[in-house]
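There are 2 protein chains.
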Amino acid sequence: MTLRDISIGRLARDAGCKVQTIRYYEQIGLLPEPPRTAGNQRVYDKVHVKRLSFIRHSRELGFSLDAIRELLVLSDDPDQPCETVDRVAKSHLSEVVEKIARLTSLKSELERMVKQCKGGRIGACRIIEVLADHSHAHCLTDHSA
Amino acid sequence: MTLRDISIGRLARDAGCKVQTIRYYEQIGLLPEPPRTAGNQRVYDKVHVKRLSFIRHSRELGFSLDAIRELLVLSDDPDQPCETVDRVAKSHLSEVVEKIARLTSLKSELERMVKQCKGGRIGACRIIEVLADHSHAHCLTDHSA
DNA sequence: TCTTGAACCTATAGTGACTGTAGATATTAG
DNA sequence: CTAATATCTACAGTCACTATAGGTTCAAGA
Numbered sequence: 247m248t249l250r251d252i253s254i255g256r257l258a259r260d261a262g263c264k265v266q267t268i269r270y271y272e273q274i275g276l277l278p279e280p281p282r283t284a285g286n287q288r289v290y291d292k293v294h295v296k297r298l299s300f301i302r303h304s305r306e307l308g309f310s311l312d313a314i315r316e317l318l319v320l321s322d323d324p325d326q327p328c329e330t331v332d333r334v335a336k337s338h339l340s341e342v343v344e345k346i347a348r349l350t351s352l353k354s355e356l357e358r359m360v361k362q363c364k365g366g367r368i369g370a371c372r373i374i375e376v377l378a379d380h381s382h383a384h385c386l387t388d389h390s391a
Numbered sequence: 247m248t249l250r251d252i253s254i255g256r257l258a259r260d261a262g263c264k265v266q267t268i269r270y271y272e273q274i275g276l277l278p279e280p281p282r283t284a285g286n287q288r289v290y291d292k293v294h295v296k297r298l299s300f301i302r303h304s305r306e307l308g309f310s311l312d313a314i315r316e317l318l319v320l321s322d323d324p325d326q327p328c329e330t331v332d333r334v335a336k337s338h339l340s341e342v343v344e345k346i347a348r349l350t351s352l353k354s355e356l357e358r359m360v361k362q363c364k365g366g367r368i369g370a371c372r373i374i375e376v377l378a379d380h381s382h383a384h385c386l387t388d389h390s391a
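Chains Z and U supply the protein sequences, listed in that same order. Per our numbering, residue 247 is the first one in the first sequence, and the count goes up by one each step. Per our numbering, residue 247 is the first one in the second sequence, and the count goes up by one each step.
Here it is in structure tokens:
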């Protein structure tokens, strides 16, 4: 494969993302604008390939686009100390740890609810009862399942 | 406390959510429109209190607004069989379980990365290397930390 | 070479669940 | 009464995409 003269479609397919996503990254300044053909079509080279790969990989690890932006700036300067990189990664890690804890707690609650449901009518439905139970408000945490 | 003549601010404070959120729920049809004062201010009663409580509690358990809409319709008819409620709850539970698994896997990856970082320069930063490493693409899953 | 379908383009709006703000009106406390 | 607070509608923003409309360019096949 030639790492030059790459169309946006090719780039997207190889990176496992959508053409729109690439355009989005360009719009928000994460990916530099590439040169164009006379027909106004984007032409990418290996620099873009590497950068998009970095972005996608970081996204897969759950880093926010802002964090990725920061990491990209850092990675462009090999002489920088990597303590900021370390900080960004560790911060993200602790967010993930926290989120797991919240979801685990949530899972327990849901399991309890589901287990208590014996079938039958709504009028006697334990799930609905729990949801309607005002005293249960504020006993839970997270909601981005 | 009187469960009538409740202002939106009172309702929001008691439900632990924002005034805007209540207006939003009204807009999307989840909360019925309440009567108004001559000064065009909303006036809620205990029916709204109960309904909002149901919604907030369900949200805290991570149910989507659409799922909550469905549950509300069901809860309004006590003679309905609760198998749909059961299905909605179980479906959500398995989503949570799945999400925990994905995040746990992600956590391991991040831990590995962070552990490999010895400090120093970006040029030798293991975290940056891993993110830039094309062969790691597609080995991960979730990103809503 | 010609034709047609696929790929590309920009612009704009939508997704889900909120959240914030501007500018105006109503209410309440001192 | 006055000033501060609460309420109102309208509209846009958040985050990370995602889809679509209408138009242009490119490439494959006959």
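Just so it is clear, CB atoms sit at the ideal spot from N, CA and C, and this is done for glycine as well.
| Asked | Found |
| --- | --- |
| Listed by chain order, chain Z residues near residue 355 (chain U) by CB distance under 8 Å | 307 |
| Minimum Cβ-Cβ distance from residue 303 (chain U) to chain Z less than 7 Å | yes |
| Cβ pair count under 8 Å reaching 3, the region 320–339 of chain Z against the region 355–370 of chain U | yes |
| Integer-rounded CB distance, given that residue 318 (chain U) should sit under 8 Å from residue 300 (chain U) | 7 Å |
| Cβ pair residue 360 (chain U), residue 347 (chain Z) closer than 7 Å | no |
| Start and end residues, alpha helix (DSSP H) containing residue 255 (chain Z) | 254–261 |
| Which residues DSSP lists as bridging residue 327 (chain Z), in chain order | U:367 |
| Partner residues on chain U for residue 326 (chain Z), Cβ-Cβ distance less than 8 Å | 367, 368 |
| Nearest-angstrom Cα separation, counted from residue 250 (chain Z) out to residue 282 (chain Z) | 13 Å |
| Euclidean distance between Cα positions of residue 375 (chain Z) and residue 315 (chain U) | 16 Å |
| Reference residue 355 (chain Z), options U:343, U:264, U:312, U:313, closest by Cα | U:343 |
| Residues that residue 331 (chain Z) contacts on chain U, provided the C-beta gap is smaller than 8 Å | 363, 368, 371, 373, 374 |
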